[in-house]
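Structure record follows, encoded as structure tokens.
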Amino acid sequence: MTSYGVGHPAPHRGRIANALLFAALLAAPLAWSAQLLLNYGLASHACFPQTRPKAAPGPGWEWLHSALLGINLVALAIAIAATVISLFIWRRTSDEAHGGHEHLIEAGEGRTRFFAVWGVWSGVWFIIQILFGTIAAVGGIGCGS
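Counted the way this note's numbering counts, the sequence shown spans residues 10 to 154.
Now the structure itself:
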């Protein structure tokens with residue numbers, strides 16, 4: 010490919026470990042998934058443990074609000090950390106290929122910074138989703154009538 014003037018698609022691949030790159034890219038969506046599944050499972054079992062739903066979580070479920078808040082805060086911390094790491098990787102590999110963020114797809118080079126910028130943007134969106142899930146979980150569990 011060098012005879013055509015095309016360099017390696019990830020010239021800075023040695024500067025960032027693949028495990029760190031993919032952890033930064035995937036940690037936020039995995040944290041959101043865990044938050045969603047754990048919150049849904051705990052809250053729904055508290056309200057619907059048998060064939061008929063309860064009006065409110067019964068005795069023995071006093072810890073539920075604290076657990077949901079804890080799950081949400083851990084997921085939020087993981088998503089924020091992954092986004093910050095992605096931003097660090099983006100800045101560290103910003104000179105991997107010519108152009109700024111608007112040239113990521115057009116240039117066809119700079120795979121490491123391409124993944125890093127996706128880690129930043131997906132991290133931001135998953136942080137927002139986790140925050141909305143936190144509002145719903147902490148706002149109170151209404152089991153229905």
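C-beta atoms are modelled at their ideal positions from N, C-alpha and C, and glycine is treated no differently.
Min CB distance residue i to chain C below 7 Å
i     : result
Leu35 : Although the question refers to chain C, the structure presented lacks it and comprises just one protein chain.
Residue i: first and last residue of the uninterrupted alpha helix (DSSP H) it sits in
i     : result
Ser75 : Leu73 to Arg101
Trp41 : Asn27 to Cys56
Which of helix, strand or coil DSSP assigns to residue i
i      : result
Arg122 : helix
Gly132 : helix
Gln138 : helix
Trp70  : coil
Thr60  : coil
Ala65  : coil
Close-in-space but distant-in-sequence residues of the same chain around residue i (CB under 8 Å, 5 per side omitted)
i      : result
Leu78  : Thr143, Ala146 and Val147
Ala32  : Ala91 and Ile94
Ser131 : Leu34, Ala37 and Pro38
Member of the options whose CA lies at the smallest distance from the CA of residue i
i      : options                       : result
Trp127 : Tyr49, His54, Val83 and Ala37 : Ala37
Arg101 : Arg122, Thr92 and Ala84       : Arg122
Trp134 : His74, Ala40, Asn27 and Trp99 : Ala40
6 Å Cβ shell around residue i - same chain, five flanking residues per side excluded
i     : result
Lys63 : Cys56 and Cys152
Spatial neighbours of residue i in its chain, beta-carbon cut-off 7 Å, leaving aside the 5 residues before and after
i      : result
Ala43  : Ala84
Val129 : Thr92, Ser95, Leu96 and Trp99
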